[in-house]
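Remarks on the structure that follows.
Numbering (my numbering), first residue to last: 4 to 75.
Okay, here's the thing in structure tokens:
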């Protein structure tokens, strides 16, 4: 997944909120990412309009869920 934003006078915190919202909406629209929850996004300003980010997500463990169903 590639998300590109231009930080026209935005602070890193503002940009971080915009990017996180965009990622959440993108994940909601794609059935492949059903059940994936965005926990946190951290952006670090490198230079100019360049940022590095770390995205923490919580993914469903479908194998464990299926195993638990079998054991019941």
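We put the beta carbon where it would ideally sit given N, CA and C, even for glycine.
Distance between residue j and residue i (C-alpha atoms, nearest Å)
{"i": "residue 74", "j": "residue 66", "result": "12 angstroms"}
{"i": "residue 61", "j": "residue 53", "result": "26 angstroms"}
{"i": "residue 27", "j": "residue 20", "result": "11 angstroms"}
{"i": "residue 37", "j": "residue 25", "result": "16 angstroms"}
{"i": "residue 50", "j": "residue 13", "result": "14 angstroms"}
{"i": "residue 72", "j": "residue 41", "result": "26 angstroms"}
Residues of its chain near residue i, where Cβ-Cβ distance is below 6 angstroms and the 5 sequence neighbours each way are ignored
{"i": "residue 45", "result": "57"}
First through last residue of the beta strand (DSSP E) which encompasses residue i
{"i": "residue 55", "result": "53-61"}
{"i": "residue 40", "result": "40-50"}
Nearest-angstrom beta carbon gap, residue j and residue i [assumed within contact, 8 angstroms]
{"i": "residue 59", "j": "residue 43", "result": "4 angstroms"}
Boundaries of the alpha helix (DSSP H) in which residue i is found, first to last residue
{"i": "residue 14", "result": "Segment: none, residue 14 is in no alpha helix (DSSP H) and carries neither H nor E."}
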